[in-house]
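One structure below.
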Amino acid sequence: MFNLALLAARPPEWTHDEFIAWWRGEHAEVTYPLPGLRAWRHTAVSSALEPRSEGWDGLSVLSFDDERAARAALASEEWAAAVRHVGAMRGKRIALLGDEREMFRA
1 MFNLALLAAR PPEWTHDEFI AWWRGEHAEV TYPLPGLRAW RHTAVSSALE PRSEGWDGLS
61 VLSFDDERAA RAALASEEWA AAVRHVGAMR GKRIALLGDE REMFRA
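Using the UniProt record's numbering, the first residue of the sequence shown is number 1, and each one after it goes up by one.
If you want it as structure tokens, here you go:
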């Protein structure tokens with residue numbers, strides 16, 4: 001799998017719960033149609049492990065078959081629609097692309 005990982009923080013005027021509800025609800029509906037999307041995992045951050053990790057509300061990992069498929073999704077009208085849906089929201093994010101490797105399974 002090839003992943004797009006998005007770590008995001010809510011806009012200052014939103015609560016954590018409002019942001020997570022929006023991300024998993026209204027925004028998810030706009031994101032599901034991404035071409036080539038194979039899996040999507042979302043984590044609502046409940047706490048930071050240490051002070052330098054504070055300030056984040058959620059993590060999404062969107063998975064595609066390979067980098068070509070991920071980049072095609074990012075060039076699609078569906079991605080543009082998801083970006084438009086975020087609009088002028090004043091939260092912050094980190095967006096990263098990379099190849100997934102399973103390191104352990106119980």
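Glycine is no exception: its CB is placed at the ideal position from the N, C-alpha and C atoms.
Considering only Ser46, Asn3, Trp40 and Leu37, the residue with the shortest C-alpha distance to Asp17 is Ser46.
In the structure shown, Asp65 adopts coil according to DSSP, grouped into three states.
Here the region 95-106 lies against the region 62-71, with 3 or more beta-carbon pairs under 8 angstroms apart. Pairing Gly58 with Ala44, the inter-Cα distance amounts to about 4 angstroms. Here Ala72 is not near Pro11, since their CB atoms are 8 angstroms or more apart.
Ranked by how close their Cα comes to the Cα of Ala39, the residues Glu26, Met89, Phe19 and Ser63 have Ser63 in first place. The beta carbons of Ala8 and Gly55 sit no closer together than 8 angstroms. DSSP, read as helix, strand or coil, puts Thr31 in helix. Beta-bridge annotation (DSSP): Leu97 is paired with Leu4. Counting only residues of its own chain and dropping the five nearest sequence neighbours on each side, Ile94 has a CB closer than 6 angstroms to the CB of Leu7.
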